[in-house]
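First residue of the sequence shown: 137, per this note's numbering; consecutive thereafter.
Notes follow the structure.
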Amino acid sequence: MGNENYLPPPPGEKVSGRTWLAVLSSLLGAFMAVLDIAITNSSLKDILGALSATQEEGSWISSAYLVAEIVVIPLAGFLAMVFSTRRYLVVNVALFLVFSTLCGMAWSLESMIAFRAAQGFTGGVMIPMAMTLVTRKLPLKKRPIGLALFGMTATLAPTLGPTVGGYLTELYGWPSIFYINWVPGVLLMLGVSAGLEKEPMNLKLLRDVDWWGILFMAVGLGSLTAMLEEGNAKDWFQSRFIVTAAVFAIAGLYGWAWRGLTRKNTFIDLHILGRPSFLIAGVIAFTTGMGLYGSAFILPLYLGQIANYTPMQIGLVIMWMGLPQLFIMPFAARLSTKLDNRVMMSVGLALFAASCFMNTHMSADTAGPELIAAQVVRALGQPLIMITLTNFAVNGIPPNLLPSASGMFNMMRNLGGSVGIATLATLLTNREHLHSARVGEAVSLYEPATQARLEALSQNFASKGFDLATAQDMAIKALDNVVRRDSFVMAYNDAFLVLGIALVSCVVIVWLSKKVLGGAASAEAAH
137 MGNENYLPPP
147 PGEKVSGRTW
157 LAVLSSLLGA
167 FMAVLDIAIT
177 NSSLKDILGA
187 LSATQEEGSW
197 ISSAYLVAEI
207 VVIPLAGFLA
217 MVFSTRRYLV
227 VNVALFLVFS
237 TLCGMAWSLE
247 SMIAFRAAQG
257 FTGGVMIPMA
267 MTLVTRKLPL
277 KKRPIGLALF
287 GMTATLAPTL
297 GPTVGGYLTE
307 LYGWPSIFYI
317 NWVPGVLLML
327 GVSAGLEKEP
337 MNLKLLRDVD
347 WWGILFMAVG
357 LGSLTAMLEE
367 GNAKDWFQSR
377 FIVTAAVFAI
387 AGLYGWAWRG
397 LTRKNTFIDL
407 HILGRPSFLI
417 AGVIAFTTGM
427 GLYGSAFILP
437 LYLGQIANYT
447 PMQIGLVIMW
457 MGLPQLFIMP
467 FAARLSTKLD
477 NRVMMSVGLA
487 LFAASCFMNT
497 HMSADTAGPE
507 LIAAQVVRAL
517 GQPLIMITLT
527 NFAVNGIPPN
537 LLPSASGMFN
547 MMRNLGGSVG
557 IATLATLLTN
567 REHLHSARVG
577 EAVSLYEPAT
587 QARLEALSQN
597 FASKGFDLAT
607 AQDMAIKALD
617 NVVRRDSFVM
627 AYNDAFLVLG
637 IALVSCVVIV
647 WLSKKVLGGA
657 ASAEAAH
């Protein structure tokens with residue numbers, strides 16, 4: 137397939153309605169695929185109850201989707217070249233809808249995990265393909281609009297996932313979170329079918345491609361994601377499963393790197409990491425993925441565990457992270473063509489970090505209303521990051537390397553999300569133990585203040601009809617629960633502090649890059 141298939145239209149060319157239909161449809165698909173990562177989180181308790189599974193077993197319902205998705209993302213650009221973008225997208229969406237329906241009809245945990253993996257393998261295709269269509273189909277002057285919309289799929293979907301999932305589960309039951317995919321899915325198939333031209337298949341590429349490289353990549357990324365997702369639940373390297381996954385991850389990633397850098401017919405060009413602006417974009421995408429998925433992971437967890445919020449109430453708080461972005465995105469897209477993107481990204485990272493630091497002073501009484509200000513600050517920062525980040529990723533990339541750039545960029549962001557969630561889950565566990573031990577030392581049974589508190593609690597329980605010995609036991613348990621609750625709150629504060637520091641550190645990395653402008657201003661770099 138020649139380079140002309142990858143060339144974007146000339147800068148001044150008018151974008152047809154058909155092209156916009158194809159691009160917008162693909163963006164809808166990317167939004168749906170990212171939304172489905174988090175949509176099960178708020179409904180997990182209902183799903184586990186229906187499938188008679190434990191919390192630990194149920195973590196694979198999310199992990200299976202993520203593992204399959206991260207494996208297919210780097211492959212998507214190559215497979216689109218083989219089967220043609222139009223055919224590849226339509227077939228994958230059709231399969232995605234079938235597997236989504238089967239998830240809703242799952243009869244056991246094993247069947248759910250298998251269908252979720254298949255759903256992730258077909259849904260993951262939509263994320264890099266949306267970015268590829270934006271960069272291939274839109275002229276440079278219109279590209280910032282497309283990249284802004286792509287950025288919205290990356291930031292809005294993880295925040296709306298728990299909201300949509302909680303709302304649907306409460307009204308229609310948990311299977312509805314899978315059946316709802318039919319609405320955007322059918323629209324996507326119709327839009328892509330009408331908007332993209334038919335292209336011939338290029339099956340001979342399958343004969344020449346480096347199949348060993350694909351195998352190494354699948355084993356390496358799949359094992360790494362599985363290790364990260366399951367590490368905390370299985371106590372990391374105390375588990376034989378985690379040790380085995382780590383060995384396979386190292387061997388697979390090393391094999392992929394070796395094959396990718398020494399052979400010509402690779403499915404994704406790893407030399408793209410040698411481009412400074414792309415490498416910087418990849419590092420920041422990884423860190424932003426940690427922040428994006430990490431904050432979307434710990435905030436609902438905090439609201440559910442400490443504030444005892446229902447999925448619906450959690451969704452209403454998380455919504456404040458998403459809604460303001462709808463108004464900021466168009467302004468940010470326009471600004472990215474006029475202002476040095478390093479400035480915009482630095483401001484965005486600083487705002488995102490500031491929102492995390494605002495959440496480091498929580499107490500057991502902190503609930504939704506007190507968290508809204510931090511959510512709004514985060515919503516102001518995320519669009520500035522996502523728009524400029526995609527500009528960094530595609531700046532100066534030759535047209536024939538755009539599918540590779542799209543695959544690597546989206547893989548880095550999702551991998552960052554997995555690392556972020558794994559790190560934060562482990563941090564919460566370890567810091568809770570540490571704070572429990574420290575607070576426990578301070579709350580000594582020999583302290584007069586502790587004895588007075590226990591006496592008051594005992595009398596309270598005794599007044600409700602319990603005998604003295606039972607009332608005293610209940611008082612000690614109640615005090616222990618307060619200590620544990622406060623220890624968890626301090627652990628959540630530590631988690632937000634780590635996220636804030638990681639995001640601030642990226643501001644330094646941004647300024648290692650050359651000046652970048654979005655849209656038409658980057659035309660010179662692209663030629």
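Think of the CB as a built atom: it goes at the ideal place given N, C-alpha and C, for glycine as much as any other residue.
Small disclaimer: the values here were computed from a predicted structure and weren't measured.
Candidates the options: which alpha carbon is nearest residue i's?
i: residue 632; options: 182, 559, 332, 295; result: 559
i: residue 385; options: 605, 395, 360; result: 360
i: residue 226; options: 322, 519, 256; result: 322
i: residue 557; options: 426, 513, 651, 461; result: 426
i: residue 512; options: 460, 180, 441, 246; result: 460
i: residue 173; options: 188, 255, 224, 370; result: 255
i: residue 363; options: 229, 351, 376; result: 376
i: residue 289; options: 245, 641, 248, 550; result: 550
i: residue 354; options: 257, 458, 343, 263; result: 257
i: residue 204; options: 357, 224, 635; result: 357
i: residue 346; options: 188, 378, 403; result: 403
i: residue 491; options: 572, 640, 450, 605; result: 640
i: residue 273; options: 605, 538, 642; result: 538
i: residue 573; options: 527, 620, 602; result: 620
i: residue 233; options: 304, 320, 155, 206; result: 320
i: residue 439; options: 391, 369, 519, 298; result: 298
Please tell me whether residue i and residue j are closer than 8 Å, where the distance is taken between their beta carbons.
i: residue 183; j: residue 310; result: yes
i: residue 529; j: residue 545; result: yes
i: residue 554; j: residue 202; result: yes
i: residue 331; j: residue 157; result: yes
i: residue 428; j: residue 294; result: yes
i: residue 337; j: residue 422; result: no
i: residue 286; j: residue 443; result: no
i: residue 161; j: residue 328; result: yes
i: residue 472; j: residue 480; result: yes
i: residue 217; j: residue 341; result: yes
i: residue 623; j: residue 568; result: yes
i: residue 365; j: residue 222; result: no
i: residue 420; j: residue 541; result: no
i: residue 484; j: residue 517; result: yes
i: residue 248; j: residue 175; result: no
i: residue 187; j: residue 244; result: yes
i: residue 533; j: residue 302; result: no
i: residue 634; j: residue 563; result: yes
To the nearest angstrom, how far is the alpha carbon of residue i from that of residue j?
i: residue 281; j: residue 260; result: 23 Å
i: residue 325; j: residue 265; result: 14 Å
i: residue 278; j: residue 487; result: 27 Å
i: residue 292; j: residue 388; result: 32 Å
i: residue 284; j: residue 613; result: 52 Å
i: residue 645; j: residue 413; result: 10 Å
i: residue 468; j: residue 313; result: 32 Å
i: residue 250; j: residue 306; result: 25 Å
i: residue 649; j: residue 416; result: 7 Å
i: residue 447; j: residue 503; result: 14 Å
i: residue 316; j: residue 252; result: 15 Å
i: residue 373; j: residue 382; result: 9 Å
i: residue 536; j: residue 296; result: 34 Å
i: residue 478; j: residue 652; result: 7 Å
i: residue 618; j: residue 500; result: 9 Å
i: residue 350; j: residue 509; result: 45 Å
i: residue 229; j: residue 263; result: 12 Å
i: residue 304; j: residue 476; result: 42 Å
i: residue 269; j: residue 411; result: 22 Å
If you reduce the DSSP assignment to three classes, tell me which class residue i lands in.
i: residue 338; result: coil
i: residue 652; result: coil
i: residue 163; result: helix
i: residue 261; result: coil
i: residue 275; result: coil
i: residue 189; result: coil
i: residue 454; result: helix
i: residue 630; result: helix
i: residue 182; result: helix
i: residue 394; result: helix
i: residue 495; result: helix
i: residue 153; result: helix
i: residue 500; result: coil
Closer than 8 Å, CB to CB, is residue i near chain C or not?
i: residue 499; result: Protein chains in the displayed structure number just one, and chain C is not present.
Given the structure, does residue i come close to the ligand GTP, in the sense that its CB is under 7 Å from one of the ligand's heavy atoms?
i: residue 344; result: Absence of the ligand GTP is noted for the structure shown, with no ligands found whatsoever.
Inter-stretch contact (C-beta, 8 Å, three-pair minimum) for the segment 618-629 and the segment 487-500: Judged by Cβ distances under 8 Å, the segment 618-629 makes contact with the segment 487-500, as three or more pairs qualify.
Counting Cβ pairs, one atom from each stretch, are 3 or more of them under 8 Å apart for the segment 523-539 and the segment 389-401? no
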